[in-house]
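**Student:** Quick one: the structure is below, and I'll ask about it shortly.
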Amino acid sequence: MLEEKIKEIDKFIGNAEYKKAQEEISKLSKKTNISANDELSLLHRTCIIFEQLGEYTDLIKTAKVMITKSKEDDNPLREIDALLAEIYGNYRLNKIETALKLVEELDKLIDQCNIDGVNKRKVKLLEYKVFIYADKGQADQAYIFAQESYIFSREIEDQYYLSRSYYAQGWALMHIGDRDKAIENFEMSLKIEEAIGNQYSIAYSAFALGFNWKSKGRFDKGQDYLLRCLKIREKIGNKQDLVWTLLNLGDIYYEDGDIHNSQTYYENSLLISQETDYWFGIVFSLMQLAIIFEDLEDPQLVLDTLEKALTYAKRIEIVDPEVHVLYSLISYITKNKLKQINIKSYISRLEEISYSSKTKIFDQVYRLSKALILRISENSKNRKKAKVLLHQIIDEDVIDFNYTKIALLNYGEILVEDLKKYFEEDVIETQFTELTDILTSEQIHSVYSTIAQRFIDQSRLALEEIDFEKAKQLIKRVENLFDFLELYNKGPTPFRIIYILFVKERNLNELSKILRITKGALSSQLKLLIKLDLVKVSREEQVRSATMLKKYYSLSSKGIELIQPLELNLKDNIRNNLEIIDKEHPFMMVPRLKMKMIRDSTLFVDKYQDYIEEVLTHNPLAQLEKNTVITNTNDEICNLFDESDEIKVNHFFLTDNQYDLYMKLWDDFVEKVQNEVVKTKPGTTENQCTEKPKLVSHLTLPIGKLMTLEQILEAQRKEKISE
93 MLEEKIKEID KFIGNAEYKK AQEEISKLSK KTNISANDEL SLLHRTCIIF
143 EQLGEYTDLI KTAKVMITKS KEDDNPLREI DALLAEIYGN YRLNKIETAL
193 KLVEELDKLI DQCNIDGVNK RKVKLLEYKV FIYADKGQAD QAYIFAQESY
243 IFSREIEDQY YLSRSYYAQG WALMHIGDRD KAIENFEMSL KIEEAIGNQY
293 SIAYSAFALG FNWKSKGRFD KGQDYLLRCL KIREKIGNKQ DLVWTLLNLG
343 DIYYEDGDIH NSQTYYENSL LISQETDYWF GIVFSLMQLA IIFEDLEDPQ
393 LVLDTLEKAL TYAKRIEIVD PEVHVLYSLI SYITKNKLKQ INIKSYISRL
443 EEISYSSKTK IFDQVYRLSK ALILRISENS KNRKKAKVLL HQIIDEDVID
493 FNYTKIALLN YGEILVEDLK KYFEEDVIET QFTELTDILT SEQIHSVYST
543 IAQRFIDQSR LALEEIDFEK AKQLIKRVEN LFDFLELYNK GPTPFRIIYI
593 LFVKERNLNE LSKILRITKG ALSSQLKLLI KLDLVKVSRE EQVRSATMLK
643 KYYSLSSKGI ELIQPLELNL KDNIRNNLEI IDKEHPFMMV PRLKMKMIRD
693 STLFVDKYQD YIEEVLTHNP LAQLEKNTVI TNTNDEICNL FDESDEIKVN
743 HFFLTDNQYD LYMKLWDDFV EKVQNEVVKT KPGTTENQCT EKPKLVSHLT
793 LPIGKLMTLE QILEAQRKEK ISE
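In C-alpha cells:
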C-alpha cells in the first residue's frame with residue numbers, strides 16, 4: 093500500500109505538483125506503523141521537493157536528519173542519497189568548499205559500498221562534481237567527470253540517469269567553450285526528459301539550450317527555449333532558477349532593441365534576488381541594468397552600479413561573477429575614455445583569475461579586456477598589441493557571441509583607423525599616382541577609405557542579423573586591404589620576392605642575387621612580409637660553425653593565396669550586379685582589387701582587362717544614377733555569356749630565353765586566330781554572326797618585365813622629374 097502511495101508522490105513531483113506531494117508525505121509520516129526504510133524513503137522525497145523548489149537551507153537540514161537516521165538504520169544507500177542532497181544544497185548556496193568536503197566524504201562511502209543501486213548514485217555524484225569543478229574554473233576536469241558519468245549511466249541502463257549524464261557532458265563542454273557539442277548533449281537530455289515527463293528536468297535542459305543558443309547569437313532559438321523554461325519555472329516557483337531565466341530573456345530583448353521589456357526583466361530578476369538575498373542574481377541583474385543606464389548618459393550612475401555588483405561578486409566563492417563584472421567596468425571605462433585609477437587593479441585581477449583557472453572563457457575575457465585598454469593608449473606599439481589580441485579572439489571558436497562580437501567590431505575599427513593614416517601622408521598618394529594609369533590620387537583616397545568603412549558597416553549589419561561568418565569575412569576584407577596597402581607602400585620589391593618564392597624556397601643570398609638587391613635592403617622587406625604573414629622561415633641550415641645558421645624563406649599559406657590564379661565567373665558577377673544595381677556592393681572589390689594589384693605590380697594593362705573591370709564588373713563605388721540604362725546594359729552583357737565563361741589568370745616562371753620563345757608562340761597563336769578564325773571563317777564576324785558569341789580573354793603575366801620592374805619605375809620617376 094505504501095509503495096503505491098510513494099509512486100503517487102513521485103508522479104506529483106514529476107508534474108511539479110509539490111503541494112499535493114507534501115500533503116501525501118505528511119499524511120504517511122504520521123502513521124505509527126511506518127518502517128524505518130519507509131521513513132527514509134519519504135525523507136528522500138522531501139529532499140527532492142526542497143531541491144526543486146529552491147529551498148536549499150531546508151534541503152540541507154532535511155538531508156542532515158536523513159543522514160542520522162540512515163546510520164541508525166544501517167542503510168548506506170539512503171545515507172548516500174542524503175549526502176548527495178546536502179552537496180547540492182551547499183553548491184546552490186555557493187558554499188563550494190563545504191560541498192567539496194562532502195564530496196570527499198561521499199567518495200569514500202561509495203567506495204566502501206558494493207550493493208545494487210550504488211552505480212546510480214555514482215552517476216549523480218559525478219554530475220554534481222561536473223557542476224562544482226566547472227564553476228571552480230576547472231572545465232577539463234569537469235569534462236572527465238562527465239565522461240565517467242556517461243559510462244556508468246550506459247552500464248545501468250536507466251533513461252533518467254542517461255539523461256543526467258548527457259546534461260553533465262553538455263555543462264562541461266559549455267564551460268570548455270565547445271557550445272555546438274554542448275547543444276547536442278542538451279538536446280539528447282531534453283529528448284529523454286520529455287519522454288519521462290519530469291517538468292523540473294525539462295526546464296533545466298530547455299534553459300541550457302536557450303542559454304547556449306543565445307550565447308551563439310541565435311536569439312530566436314534561444315528565446316523559444318527560454319520562454320518554454322519560464323512557463324515551467326513560474327509554476328515550480330524556484331526563485332534562483334527564475335532569476336536566471338528572467339536575466340537571459342532580458343538579454344535577448346535587449347539584443348532585439350526592446351529596451352523597455354529588457355529593463356523589466358532585469359528589474360524583476362533583481363527584485364527576486366534581493367528578496368531571497370541571492371548574491372549571484374544580484375550581481376548579474378545589476379550588471380545588466382548598468383547597460384540600460386548607459387543610455388541615460390550618466391557615467392557615475394553606471395560606474396556606481398557596476399561597483400556595487402563587484403562588491404557582491406567578491407562575496408561569492410566562485411569567480412565567474414567577478415570576471416564578468418570586471419570586464420563590464422573595463423569595457424565602460426575604455427569606451428568612454430574615463431580617467432579611472434582602478435582600471436589597473438581590474439585588469440590585474442582578471443589576469444590572476446585567467447592564469448589560475450585556465451578556462452577558455454576567462455582567458456578570452458581577460459585578453460579582450462587587455463585589448464580594450466591597449467587600444468585607447470597613445471602608444472602605437474600598444475595599439476598594435478591590441479590589434480593582435482583582437483585578431484586572435486576573432487579567429488577562435490565562438491565561446492560567447494557577445495564577447496566575440498565586441499572583439500570583431502573593435503578590430504574592424506582599428507583597421508579603418510590605420511587605413512586612414514595612410515591617406516594623411518603625401519608620399520603614399522605619390523606612390524599610388526605612379527603605380528596606376530586610371531585612378532588619380534584623390535580617387536584612390538576615396539576608393540580605399542570608403543571601401544574599408546563600407547566593409548565595417550556591412551560587418552555591423554551582419555552582426556545585427558546574427559550572421560557571424562559573414563561579419564568575419566567582411567572584416568577579413570578590411571584586413572586584406574590593410575595588408576595590401578602596407579605591402580604596396582614599400583614599392584615593387586615585396587611583390588617580386590613573393591613571385592620568386594612562389595617557385596621554391598630561397599635563402600637570403602639567392603634572393604639578393606636574383607633581385608640584384610643588397611642583403612641588407614632585402615632583410616627589411618622580408619621582415620615586412622613575415623610580419624604580414626605572407627612569408628615564413630621554412631627551415632634553417634647550419635653552416636661552417638655551430639653558431640651560424642642559413643635561413644630559407646618560403647610563402648606562407650596566406651602568401652600562396654595572394655598570388656593564386658584568379659578564376660572569375662562573368663555571368664555570376666553580372667547577375668550580382670543586377671541584384672544590387674541601386675547601391676554599392678563591397679564584394680565586387682575583391683576581383684577588382686586583385687586584378688588591379690596584378691596590373692600595378694607588372695605595369696601590364698590590356699584592353700580585355702579594362703573591358704572586364706570597367707564594363708562587366710562596374711566600379712563598385714560609382715554613384716549609379718541612371719539605373720534603367722545600366723540595367724539594360726547588364727541585360728545585354730548577360731546574354732553574351734554562358735554559365736561556364738570564366739577569366740583565368742595563370743602565372744608561371746620562365747627564363748629570359750623561354751620567355752622570348754613564349755611571346756613568339758603567343759604572337760603566332762594570336763595571328764592565326766585573327767587571320768584564320770576571325771577574318772577568314774564565314775559567319776564569325778560581328779555583323780554576320782548567327783549564334784551567341786563568347787568573349788575570349790587571355791591575361792598573361794610578363795615575368796621578364798616583372799623582374800625588371802624596379803628599373804622601369806625608376807626610369808618613370810626620372811622622366812617625370814625631367815619634365
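Under the working numbering, the first residue of the sequence shown carries the number 93, and numbering increases by one thereafter.
Ideal placement from N, C-alpha and C gives every residue a C-beta, glycine not left out.
List, from N- to C-terminal side, the alpha helix (DSSP H) runs of 4 residues or more that fit wholly inside the segment 126-175.
**Tutor:** List check, alpha helix (DSSP H) in window: 128-145 and 148-164.
**Student:** Considering just the uninterrupted stretch of the alpha helix (DSSP H) at arginine 608, what are its terminal residues?
**Tutor:** First-last for arginine 608: undefined, no H or E at that position.
**Student:** DSSP three-state call for isoleucine 599: helix, strand or coil?
**Tutor:** It is worth fixing the name first, because residue 599 is asparagine in this sequence and not isoleucine. Reduced to three states, the DSSP call for asparagine 599 is strand.
**Student:** Within 10 Å of its beta-carbon, does glycine 877 have 16 or more other beta-carbons around it, so buried, or fewer, so exposed?
**Tutor:** It is not possible to answer for residue 877, since the shown part of the chain is limited to 93 through 815.
**Student:** Assign lysine 619 to one of three DSSP states: helix, strand, or coil.
**Tutor:** In this structure, lysine 619 counts as helix in the three-state DSSP scheme.
**Student:** State yes or no: is the C-beta of alanine 234 within less than 7 angstroms of the C-beta of alanine 226?
**Tutor:** Cβ distance < 7 angstroms, so alanine 234 and alanine 226 count as in contact.
**Student:** If we ignore side chains and look at the alpha-carbon of each, how far apart do lysine 212 and serine 293 end up?
**Tutor:** The straight-line gap from Cα to Cα measures roughly 17 angstroms.
**Student:** Evaluate aspartate 760 with the Cβ neighbour count: other Cβ atoms within 10 Å of its Cβ, from every protein chain shown; 16 or more gives buried, anything less gives exposed.
**Tutor:** Counting Cβ neighbours within 10 Å, aspartate 760 comes out exposed, since fewer than 16 surround it.
**Student:** Going by C-alpha to C-alpha distance, which of Glu409, Val394 and Ile445 sits closest to isoleucine 425?
**Tutor:** The shortest C-alpha separation from isoleucine 425 is found at Val394.
**Student:** Is glutamate 633 helix, strand or coil when you go by DSSP?
**Tutor:** Here glutamate 633 sits in strand by DSSP.
**Student:** Checking the sheet assignment: what are the DSSP bridge partners for serine 646?
**Tutor:** In DSSP, serine 646 forms a bridge with Lys628.
**Student:** When you compare only the Cα positions, how much space is there between leucine 194 and leucine 120?
**Tutor:** Going from the Cα of leucine 194 to the Cα of leucine 120 covers about 30 angstroms.
**Student:** Give the C-beta separation of tyrosine 357 and leucine 341 to the nearest angstrom, bearing in mind that I take them to be a contact with Cβ-Cβ under 8 angstroms.
**Tutor:** Right, their Cβ atoms sit about 5 angstroms apart.
**Student:** Which of the three DSSP states is assigned to leucine 201 in this structure?
**Tutor:** Leucine 201 falls in the helix class under three-state DSSP.
**Student:** Any idea what DSSP makes of leucine 185, helix, strand or coil?
**Tutor:** Of the three classes helix, strand and coil, the one that applies to leucine 185 here is coil, per DSSP.
**Student:** Output the distance between the C-alpha atoms of isoleucine 141 and isoleucine 435, rounded to the nearest integer angstrom.
**Tutor:** Cα to Cα, the separation comes out at about 45 angstroms.
**Student:** How many Å lie between leucine 103 and tyrosine 242 at the Cα?
**Tutor:** The identity of residue 103 in the sequence shown is lysine, whereas the question assumes leucine. Cα to Cα, the separation comes out at about 26 angstroms.
**Student:** Which whole runs of the alpha helix (DSSP H) in the segment 384-464 are 4 residues long or more, in chain order?
**Tutor:** Segments of the alpha helix (DSSP H) lying fully in the segment 384-464: 391-405, 412-427 and 435-449.
**Student:** Which same chain residues end up closer than 6 angstroms to tyrosine 419 when comparing Cβ atoms and leaving out the 5 residues on each side of it in sequence?
**Tutor:** Hits under 6 angstroms: Val457 and Ser461.
**Student:** Could you say which of Arg598, Thr154 and Ile589 lies nearest to tyrosine 645 if we only look at CA atoms?
**Tutor:** The shortest Cα separation from tyrosine 645 among Arg598, Thr154 and Ile589 belongs to Arg598.
**Student:** Could you give the first and the last residue of the continuous alpha helix (DSSP H) run that contains threonine 337?
**Tutor:** Unbroken alpha helix (DSSP H) run through threonine 337: 331-347.
**Student:** Taking the alpha carbon of leucine 134 as the point to measure from, which residue in Lys323, Glu326 and Lys97 has its own alpha carbon closest?
**Tutor:** Residue Lys97 is the option with its Cα nearest to leucine 134.
**Student:** Alpha carbon to alpha carbon, what distance is there between aspartate 510 and leucine 647?
**Tutor:** Answer to the nearest angstrom: the Cα atoms are 25 angstroms apart.
**Student:** Please classify lysine 473: is it buried, with 16 or more other beta-carbons within 10 angstroms of its beta-carbon, or exposed?
**Tutor:** By the neighbour-count rule (16 or more Cβ atoms within 10 Å), lysine 473 is not buried but exposed.
**Student:** First and last residue of the alpha helix (DSSP H) that includes tyrosine 370?
**Tutor:** Segment: none, tyrosine 370 is in no alpha helix (DSSP H) and carries neither H nor E.
**Student:** Have a look at aspartate 412 and methionine 266 and give me their C-alpha separation to the nearest angstrom.
**Tutor:** Rounded to the nearest angstrom, the two C-alpha atoms are 14 angstroms apart.
**Student:** Quick check on the DSSP output: the alpha helix (DSSP H) that includes glycine 229 runs from which residue to which?
**Tutor:** No alpha helix (DSSP H) contains glycine 229, which DSSP labels as neither H nor E.
**Student:** Are the segment 476-484 and the segment 440-453 touching by the rule of at least three beta carbon pairs closer than 8 angstroms?
**Tutor:** No, because fewer than three Cβ pairs between the segment 476-484 and the segment 440-453 fall closer than 8 angstroms, the two stretches do not touch.
**Student:** Out of Lys643, Gln230, Lys628 and Ala174, point me to the one whose CA is closest to glutamine 634's CA.
**Tutor:** Of Lys643, Gln230, Lys628 and Ala174, the residue nearest in Cα terms is Lys643.
**Student:** Going by C-alpha distance, which of Ile491, Asn502, Thr585 and Ser365 is nearest isoleucine 606?
**Tutor:** Of the candidates Ile491, Asn502, Thr585 and Ser365, the one whose C-alpha sits nearest the C-alpha of isoleucine 606 is Thr585.
**Student:** What are the boundary residues of the alpha helix (DSSP H) that includes lysine 119?
**Tutor:** Per DSSP, lysine 119 belongs to the alpha helix (DSSP H) from 110-121.
**Student:** Mind reading off the beta-carbon distance from isoleucine 172 to cysteine 139? Whole number of angstroms is fine, and I expect it under 8 angstroms.
**Tutor:** The Cβ separation is near 12 angstroms, so there is no contact.
**Student:** Have a look at arginine 271 and arginine 320 and give me their C-alpha separation to the nearest angstrom.
**Tutor:** So the alpha carbons of these two residues sit roughly 20 angstroms apart.
**Student:** If you draw a straight line from the C-alpha of asparagine 167 to the C-alpha of glutamine 144, how long is it?
**Tutor:** If I take the Cα positions, the gap works out to 24 angstroms.
**Student:** For asparagine 494, is the classification buried or exposed, using 16 other Cβ atoms within 10 angstroms of its Cβ as the cut-off for buried?
**Tutor:** It counts as exposed.
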